[in-house]
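Inspection log for the structure reproduced underneath, given as structure tokens.
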Amino acid sequence: MKEQLERILIEANQIRDRIKNSHELEDFRVKFLGRKGILKDCLDKIVEFEEEERKNLGKYLNFIKNEVEKIVEDLEIKFKEIKTTKFDFRHPGKKPLIGNLHLISISFEKIKKIFMGLGFSVADSSEIVNEYECFDSLNIPSSHPARDLQDTLWVDSSNSRLKNNLLFRTQTSAHQVKFMKENKPPFRIIIPGKVFRQEATDRSHDFEFHQLEGLAVAENANLTELKGIFEKFFSEFFEEKLKVRFRPGYFPFVEPGLEVDLGCLFCAGKGCLTCKNSGFIEVAGAGMVHPVVLENGGINSKENYGYAFGFGLNRIIMLKYKIDDIRLFHSSDLRFIKQFN
Amino acid sequence: MKFRIKDLKNYISGEVNWKKVTEELNVKSYETIFDGKVCDIEIMPNRYPDSASLIGLSREISVITKFSQTPPQIKIKESKINLFKFVKVKVQTSKCLNYFGRVMLDVKNQKSPQWLKEFVEFYGFNSVDLLVDLSNFAMIEYGAPAHIFDLDMLRVSSLQSPQSVRSQAKGLSALGGSGELILIIRESKEGEVFQSLSGKKVELPVGSVVIENNGKIIDLVGIQGGELAKITLKTKNILIQAPIVESSSIRAVSKKIDLKTDASHRFERGIPVMNSSLVVDELVNLIQKTAGGKITSGKIELGEMPKPLNIFLHFNKVKEYSGFDLSSKQIEAIFKKIGCKIIKQTNAYLYISPPLWRLDLKIEEDLIEEIIRIEGWDKIKNELPATRTFPKEDETLVLDDLVKKIITASGFDEVLNYSFIGDEDLVNLEKIFNAQEAVRVLNPVSSKYSVFRPVIFLNLIKNVKINTHSNREIRIFETGHCAKFVKNNAKNDKSFSAIIENQKLGFLISLPDTKDMLLEANGLIKLFFEKIGIDAHIKNSHIDIFESSADIHLDGETAIGFVGLLNNELSNFYNLDQRVVVGEFDLGIVLENMRRESAYKPIPEFPSIIRDVSLIVPEISQIDHIESEIQFLGGEMLEGVNLFDVYQPEDMPDKKSIAFRLVFRAKDRSLTDDEINKIMQKIAHSLMDKFGAGIR
């Protein structure tokens with residue numbers, strides 16, 4: 246008899262795992278606990294045993310009955326819950342915690358992708374450089390009026406015995422010669438980074454901002470490639486087909502030098518306030534690397550040529566996102582930062 | 032520089048469509064804005080010498096359009112009186128390259144006529160009198176500065192002071208009288224003072240180019256004339272001069288004494304020698320027409336006339352640079368239009384001599400630029416790179432991206448601060464950073480930004496205030512360069528010899544509950560190093576600016592960063608209403624110590640058994656010691672120990688409650704409850720013995 250009861254418990258446990266809904270649960274309950282169920286049947290049989298035996302079997306049967314009742318109870322709760330869970334999705338919900346990158350980082354990621362797709366490597370660089378790197382090596386001797394174009398923030402080196410005057414780089418071009426000295430052509434690179442100027446700030450000027458330098462020395466790295474790179478880059482970055490216009494420009498470290506204009510994003514070239522009715526917006530400076538700069542970088546200018554370009558990251562980001570105050574980049578206001586992705 | 036169309040008209044023949052012309056200027060020469068009467072031209076420094084004048088600009092227009100230039104005809108009627116009876120000029124410095132001068136007698140200085148007055152005022156000068164205004168007129172016309180001296184004043188100035196000279200000058204008109212006038216152009220010596228036209232007394236830097244007349248400095252050449260011998264309405268006899276001084280010298284002096292004039296601006300950019308010579312001739316011509324007088328015969332002409340350059344221009348280079356397919360004939364035509372001489376021509380190149388007024392045409396690339404701009408920049412085609420270069424990203428930047436990915440995924444927003452801190456911030460950092468190592472700015476934009484930041488976190492503290500109005504919970508971070516002065520230990524340096532710049536990560540958490548933010552900061556650090564692949568160790572420490580802090584270091588004790596709860600003193604200083612936890616890591620060290628390889632770890636085959644253990648231990652107990660004891664006793668089947676709760680029971684101030692979750696697993700079988708129970712008992716006994724722990 247005891248074995249029979251054990252088999253009942255095993256059977257109940259096996260069936261339990263197969264029960265899928267409340268109907269099947271009811272069948273299960275009737276089968277084991279019903280008035281004509283298996284356990285009632287067993288109880289009837291136990292009565293026929295001797296007193297000693299009957300007591301033991303009765304205890305065991307009770308244990309099994311409790312187990313089965315517990316199964317029914319658990320499953321009832323389970324099926325009941327499924328039936329009654331209702332959720333109002335107009336509820337604001339609980340957003341997972343996630344941080345935002347700064348707009349500069351977001352944009353730079355995109356920019357980097359585009360340039361790497363065009364075969365450009367990405368170089369890191371230091372923000373404090375010496376006077377030679379920032380000016381002299383770029384064909385801008387101290388007597389040159391072009392030095393006045395950029396007001397420089399200088400490092401106070403009075404308590405050191407530094408021989409070179411150090412400064413906070415005014416332009417990412419400061420790394421051209423250093424890079425050329427350390428790398429052999431052919432190469433195409435971009436050098437992103439912060440630059441600094443001794444300048445009063447207003448809506449369109451900041452004393453610290455981001456620039457992107459491009460430098461390519463390779464066969465065919467000429468003005469037509471430069472134009473191709475610009476058209477591709479700007480069209481990808483602004484996600485629309487944009488015209489690129491070259492205009493005469495002057496930077497001592499390139500020759501020929503040029504200014505790069507972009508078809509106005511706001512008026513499709515018809516003329517508006519942003520482009521001062523010209524249909525174009527000035528976005529970059531560029532040119533063929535000056536032979537003096539190539540030679541300073543240890544590259545034979547008779548056998549190699551290439552181009553260089555530079556533009557303000559903040560400016561093109563401001564154009565893309567229609568931001569009208571450059572100081573917002575440094576505001577650290579999370580209401581600004583959290584807007585972008 | 033602004034030009035009036037009515038002035039330009041005098042130098043160009045024919046009916047000119049000025050709108051068209053300015054459009055062409057924009058595309059081929061320089062940025063130009065035209066409003067119907069005036070064109071405003073942004074002349075680049077390299078084109079200033081040839082273009083920043085009426086003659087220069089009209090010449091440029093004739094090069095890029097079909098209109099031709101009509102330069103003024105200078106006709107000089109010299110009298111029989113010889114100039115050299117009146118003045119001699121000696122150049123004693125190599126910084127003065129050329130000197131041109133003429134002398135006129137018996138001119139009648141007066142107020143300027145209305146047209147001249149308007150002219151000079153439009154071009155930015157005060158109208159003074161006829162002679163001075165005409166010299167400015169000639170400068171705008173030719174682009175070369177000229178200066179006029181009162182000859183009589185010069186002649187007597189050797190003996191008397193300016194005041195007495197002035198009073199005596201009236202009676203001094205006997206010309207060619209006794210006493211030879213010798214002007215010496217030399218460099219200034221230490222301590223010499225110059226009184227300029229504007230009445231300012233300036234001490235001259237040594238080596239300034241000056242003109243001395245019998246011991247007195249009468250001219251700071253190329254910058255401003257002197258008070259002595261300046262023109263007045265009574266002036267009758269004059270010396271007109273146009274010298275050329277080295278650009279670098281003018282620039283250095285004008286910068287040092289902070290005196291910038293239209294003349295110095297031009298000298299800094301360079302002046303074609305021929306223009307200085309012409310301007311003297313034009314000026315005497317103009318003066319004679321409007322103020323009468325006699326032009327003495329002869330002209331002072333000192334210094335060598337520059338020789339034209341000869342430059343090779345290779346056709347293949349033109350094509351390589353521009354992509355233009357031009358015949359040699361087309362190229363030749365361009366250069367002839369500019370005013371170049373073709374000296375030699377072959378199939379491969381032209382040998383070209385640029386005109387003397389084009390100081391910017393020095394090398395082959397300059398000539399290529401001329402071809403491109405005159406053909407048209409818009410004719411440059413666009414092509415994508417035809418040769419391949421394989422793109423690679425610098426590893427510091429790759430790490431920076433990874434760091435940002437991990438930390439933003441953990442809920443932190445990236446901020447961007449200026450890279451500078453202020454003097455008072457540096458004082459606040461003095462307990463953790465030696466102010467002597469600070470990289471200070473010599474000419475800061477403001478005292479708030481006077482030091483290049485040595486740490487990131489300090490600026491983050493300042494970001495809290497502006498964000499509290501909209502956020503109760505703040506989690507921010509920034510990565511960027513920090514810098515400090517260092518000594519070279521290898522060389523046993525006593526003074527600073529270099530600056531090192533390091534990429535760092537700083538973060539800040541501020542939550543309503545202090546314990547929450549300490550736990551989260553602690554968790555972030557662990558997650559961070561786990562994800563980056565560095566075995567970092569956290570050790571409680573006493574950093575002075577923090578109430579509670581820890582150092583993070585590598586196995587070899589190399590410090591990699593720190594974390595801490597900002598103390599109340601600094602919180603108050605930065606006006607915070609809430610507590611903040613800040614941390615900072617040196618990403619340079621992280622980069623050097625990152626695990627590069629990441630081999631796959633198999634997923635465990637057998638199930639684990641998890642047990643939690645809660646302890647009450649004395650407040651002072653070191654959790655890391657308890658953890659290592661558990662680790663030790665757990666043996667090789669203990670896969671992991673995680674602290675998941677720490678709190679202070681209110682009724683037991685000298686105790687703390689801590690809870691660990693232990694994960695057991697064997698590699699080759701399913702563990703049984705029995706064997707784990709035995710281990711757990713062993714652990715419980717040991718913790719009770721060694722740490723006085725109560726097990727709950």
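Here the protein sequences line up with chains A and B, keeping their order.
Positions 246 to 586 (this note's numbering) are the ones given, in order, by the first sequence.
Positions 32 to 727 (this note's numbering) are the ones given, in order, by the second sequence.
Glycine is no exception: its CB is placed at the ideal position from the N, C-alpha and C atoms.
{"Check": "S227/B versus chain A: which residues are under 9 Å apart at the beta carbon?", "Outcome": "In chain order: nothing, as chain A lies at least about 21 Å away."}
{"Check": "So which residues of chain B does Y495/A contact, with C-beta pairs closer than 8 Å?", "Outcome": "M75, P76, N77, R78"}
{"Check": "Have a look at I374/B, V315/B, A466/B and flag the residue whose alpha-carbon is nearest the alpha-carbon of K330/B.", "Outcome": "V315/B"}
{"Check": "Grouping DSSP H, G and I as helix and E and B as strand, with all else coil, what is S204/B?", "Outcome": "At S204/B, the pLDDT of 42 sits below 50, so the modelled position is not reliable; the number obtained from the coordinates is stated separately. S204/B: coil per DSSP, three-state reduction."}
{"Check": "Taking S285/B as the query, report the chain A residues whose CB atoms sit under 9 Å from its CB, ordered along the chain.", "Outcome": "Under the 9 Å cutoff, chain A gives no residues; its nearest Cβ is about 11 Å from S285/B."}
{"Check": "In or out: A379/B buried (at least 16 other Cβ within 10 Å) or exposed?", "Outcome": "exposed"}
{"Check": "Can I411/B and K472/A be called in contact, C-beta distance under 8 Å?", "Outcome": "yes"}
{"Check": "Looking at C-alpha atoms only, which residue of G502/A, P497/A, L503/A, G524/A is the closest neighbour of L510/A?", "Outcome": "G524/A"}
{"Check": "Let me check understanding here. Comparing Cα to Cα, which of E363/B, G595/B, D676/B, K698/B lies closest to P633/B?", "Outcome": "K698/B"}
{"Check": "What residues are listed by DSSP as bridge partners for E298/A?", "Outcome": "None, per the DSSP bridge assignment."}
{"Check": "Would a check of beta-carbon distances place L460/A closer than 8 Å to chain B?", "Outcome": "no"}
{"Check": "For N586/A, does the three-state DSSP call read helix, strand or coil?", "Outcome": "coil"}
{"Check": "Comparing the C-beta of V505/A with each C-beta of chain B, is any distance below 8 Å?", "Outcome": "no"}
{"Check": "Would you please state the rounded distance, in angstroms, between the beta carbons of A260/B and V311/B? I believe it to be under 8 Å.", "Outcome": "In fact, because the Cβ distance is near 17 Å, the residues do not count as touching under 8 Å."}
{"Check": "Touching or not, the segment 448-468 of chain B and the segment 484-494 of chain B, by the rule of three or more beta carbon pairs under 8 Å?", "Outcome": "yes"}
{"Check": "Can you pull the chain D residues whose beta carbon is under 7 Å from the beta carbon of V612/B, in chain order?", "Outcome": "The displayed structure is made up of protein chains A and B, and chain D is not among them."}
{"Check": "Tell me where the alpha helix (DSSP H) around N498/B begins and ends.", "Outcome": "488-498"}
{"Check": "Along chain B, which residues have their Cβ under 7 Å away from the Cβ of A553/A?", "Outcome": "Correct list: empty, because the minimum Cβ distance to chain B is about 13 Å."}
{"Check": "Once the 5 residues before and after I316/A are set aside, which same chain residues still bring their CB inside 7 Å of it?", "Outcome": "A257, R261"}
{"Check": "Between L363/A and P236/B, is the Cβ-Cβ spacing less than 8 Å?", "Outcome": "no"}
{"Check": "Does chain A have any CB closer than 8 Å to the CB of E670/B?", "Outcome": "no"}
{"Check": "Rounded to a whole number of angstroms, what is the C-alpha to C-alpha distance between K33/B and E54/B?", "Outcome": "16 Å"}
{"Check": "Looking at N1/B: is its Cβ nearer than 8 Å to the Cβ of Y382/B?", "Outcome": "Here chain B covers residues 32 to 727 and nothing more, so residue 1/B does not appear."}
{"Check": "Output, in sequence order along the chain, the residues in the segment 526-541 of chain B whose CB is closer than 7 Å to any CB in chain A.", "Outcome": "S526, F527, S528, I530, E532"}
{"Check": "If you draw a straight line from the alpha carbon of E46/B to that of R35/B, how long is it in whole angstroms?", "Outcome": "16 Å"}
{"Check": "To be precise: take each residue of the segment 266-290 of chain A, compare its Cβ to all Cβ atoms of chain B, and keep it if any distance is under 9 Å. Which residues remain?", "Outcome": "none"}
{"Check": "Going along chain A, which residues have a C-beta under 7 Å from S478/B?", "Outcome": "Per Cβ cutoff of 7 Å: no residues; S478/B is ~13 Å from chain A at best."}
{"Check": "Ordered along the chain, which non-local residues of its own chain (more than five positions away) have a Cβ less than 6 Å from that of R186/B?", "Outcome": "L212"}
{"Check": "Applying the 10 Å Cβ sphere with the 16-neighbour rule, what's the burial state of V52/B?", "Outcome": "buried"}
{"Check": "From N375/A to E427/A, what distance separates their C-alpha atoms?", "Outcome": "17 Å"}
{"Check": "Does the count of Cβ pairs from the segment 353-360 of chain B and the segment 397-413 of chain B closer than 8 Å reach three?", "Outcome": "yes"}
{"Check": "Please tell me whether I571/A and F454/A are closer than 8 Å, where the distance is taken between their beta carbons.", "Outcome": "yes"}
{"Check": "Quick one: list the residues of chain B neighbouring E297/A, beta-carbon separation under 7 Å, in chain order.", "Outcome": "Going along chain B, no residue has its Cβ under 7 Å from E297/A, so there is no contact; the nearest lies around 34 Å."}
{"Check": "Following the continuous beta strand (DSSP E) through P422/B, name the residue where it begins and the one where it ends.", "Outcome": "Looking at the DSSP string, P422/B is not in any beta strand (DSSP E), and its letter there is neither H nor E."}
{"Check": "Got a sec? Which residues, its chain only, sit under 6 Å from E299/B by beta carbon, not counting five neighbours each side?", "Outcome": "S278, I281, R282"}
{"Check": "Any beta carbon of chain A sitting closer than 8 Å to that of W49/B?", "Outcome": "no"}
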